[in-house]
Amino acid sequence: SPYLDGLFDDIMNSSNIKFQAIIETNRGCPFPCSFCFWGQGGLNTRYRFFSVDRVEKIANWLGLNKIEYVFCADSNFGIFKRDVEISQYFAETKREYGYPEKFRVCYGKNSEETIYQCGKILCDADMEKGITLSRQSNDLNTLVNIKRQNIKLSVYNNLARKYDLEGIPVYTEFILGLPGETYESFLNGLNEILECTVKTQIFIYFCQILNNTELSQPDYMKK
Numbered sequence: 613s614p615y616l617d618g619l620f621d622d623i624m625n626s627s628n629i630k631f632q633a634i635i636e637t638n639r640g641c642p643f644p645c646s647f648c649f650w651g652q653g654g655l656n657t658r659y660r661f662f663s664v665d666r667v668e669k670i671a672n673w674l675g676l677n678k679i680e681y682v683f684c685a686d687s688n689f690g691i692f693k694r695d696v697e698i699s700q701y702f703a704e705t706k707r708e709y710g711y712p713e714k715f716r717v718c719y720g721k722n723s724e725e726t727i728y729q730c731g732k733i734l735c736d737a738d739m740e741k742g743i744t745l746s747r748q749s750n751d752l753n754t755l756v757n758i759k760r761q762n763i764k765l766s767v768y769n770n771l772a773r774k775y776d777l778e779g780i781p782v783y784t785e786f787i788l789g790l791p792g793e794t795y796e797s798f799l800n801g802l803n804e805i806l807e808c809t810v811k812t813q814i815f816i817y818f819c820q821i822l823n824n825t826e827l828s829q830p831d832y833m834k835k
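Residue 613 is where the sequence shown starts when you use this note's numbering, and the numbers rise one by one after that.
See the structure below:
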């Protein structure tokens, strides 16, 4: 870890600049979405873990050095039991030092009980903007094209209402321009989310074709 190895110590001791930090607790992603390379490329589909002890030491360093904003670069935070422990430790670190003020994560797309627990801990500590109930698209044909399986819309609605009752913010993500999506299907997808609860934030990203992803392959484009 560059934090624990002291790589930034001189900078932290001599500068008035406010820094943000990026950390990882694991690497890998099991999902083969065609617009993303994370779950493609062989070994990347298997998770490899940094020890919880290492993560806790990094959290302590971040707190001591008054890092306001920390981004956790895990692909699906909250799908492992140990993520609850990690959330608790970051919340405790904030209570002790007042920092990090925010601990931003990208939650797993299939919201399980552990994701709820993590979100609850971080939201209670005012460290998280909310829980991701990500969709990318609600169109079944488009989801097949991008090799993605969403949770059922009925399950999504129940989870959104559950979080709303608990006072936990929820947001969802859509990608504009995915293969197979139409103007009508995209608007229908947005309407389906808003019919559940208007309190849900919706983030819309433009579809980008990134190198090495399936979306960038000539055969895939032709199909």
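A virtual CB, placed ideally from N, CA and C, is assigned to each residue, including glycine. Fair warning: this is a prediction, and the values are worked out from it, not measured in the lab.
Can you list, in chain order, the residues of its chain with a C-beta nearer than 6 Å to that of E713? Leave out the 5 residues immediately preceding and following it.
The residue you call residue 713 lines up with position 101 of the sequence shown. Contacts found: E680.
For a quick check, are the C-beta atoms of S766 and C730 less than 8 Å apart?
As a first step, residue 766 must be located in the sequence shown, where it is residue number 154. As a first step, residue 730 must be located in the sequence shown, where it is residue number 118. It is not a contact, given that the beta carbons lie outside the stated cut-off.
Considering only the alpha carbon of each residue, which of S746, F786 and Y711 lies closest to I727?
Residue mapping note: residue 727 aligns to position 115 of the sequence shown, counting from 1. Answer by Cα proximity: S746.
Please classify V756 as buried or exposed, where buried requires at least 16 other C-beta atoms within 10 Å of its C-beta.
Numbered from its first residue, the sequence shown carries residue 756 at position 144. Label assigned to V756: exposed.
In chain order, what residues of the same chain lie with their CB nearer than 8 Å to the CB of F588, ignoring the 5 residues before and after it?
Residue 588 lies beyond the range of the chain shown here (613 to 835); nothing can be said about it.
Can you tell me where the beta strand (DSSP E) holding L788 begins and where it ends?
Position 176 of the sequence shown holds residue 788. V782 to L788 is the span of the beta strand (DSSP E), which, as asked, contains L788.
Spell out a yes or no on whether the stretch 733-751 and the stretch 627-643 are touching, meaning 3 or more CB-CB pairs, one atom from each, closer than 8 Å.
Pairwise C-beta distances place the stretch 733-751 out of contact with the stretch 627-643, as fewer than three of them are shorter than 8 Å.
The alpha helix (DSSP H) enclosing F702, as first and last residue numbers:
Stepping through the sequence shown from its first residue, residue 702 is reached at position 90. Start and end: R694 to Y709.
Own chain, CB closer than 8 Å to K678, minus 5 neighbours either side, in chain order
Position 66 of the sequence shown, counted from the first residue, corresponds to residue 678. Closer than 8 Å at the Cβ level, and outside the excluded window around K678, lie Y709, G710 and Y711.
Is V717 helix, strand or coil by DSSP?
Translated into positions along the sequence shown, residue 717 becomes position 105. Residue state, collapsed to three classes: coil.
So which of D776, S749 and Y775 has the shortest CA-CA distance to I763?
Numbered from 1 along the sequence shown, position 151 holds the residue referred to as residue 763. Nearest of D776, S749 and Y775 to I763, Cα basis: S749.
Mind reading off the beta-carbon distance from R694 to V717? Whole number of angstroms is fine, and I expect it under 8 Å.
Taking the first residue of the sequence shown as position 1, residue 694 is located at position 82. Taking the first residue of the sequence shown as position 1, residue 717 is located at position 105. With 8 Å as the limit, R694 and V717 do not qualify as a contact, their Cβ atoms being about 13 Å apart.
Have a look at R660 and I758 and give me their C-alpha separation to the nearest angstrom.
Translated into positions along the sequence shown, residue 660 becomes position 48. Translated into positions along the sequence shown, residue 758 becomes position 146. R660 and I758: Cα-Cα distance of roughly 25 Å.
On the DSSP letters alone, give me the boundaries of the beta strand (DSSP E) that C684 sits inside.
Reading the sequence shown from its first residue, position 72 is the one you call residue 684. Y681 to C684 is the extent of the beta strand (DSSP E) around C684.
Under 8 Å between the Cβ atoms of G792 and N824?
Counted from its first residue, the sequence shown places residue 792 at position 180. Counted from its first residue, the sequence shown places residue 824 at position 212. No.
So the beta strand (DSSP E) Y817 belongs to, where does it begin and stop?
Taking the first residue of the sequence shown as 1, we reach residue 817 at position 205. Unbroken beta strand (DSSP E) run through Y817: Q813 to F818.
Going by beta carbon distance, what residues of the same chain come within less than 7 Å of N638, once the five residues before and after it are set aside?
For this step, residue 638 is matched to residue 26 along the sequence shown. Excluding residues within five positions, the ones whose Cβ falls inside 7 Å are Y659, R660, F661, F662 and D686.
Alpha carbons only, please: which of I821, F689, T812 and R760 is nearest the one belonging to E636?
By 1-based counting over the sequence shown, the position of residue 636 is 24. Answer by Cα proximity: F689.
DSSP three-state call for Q748: helix, strand or coil?
In the sequence shown, the residue the question calls residue 748 occupies position 136. Here Q748 sits in strand by DSSP.
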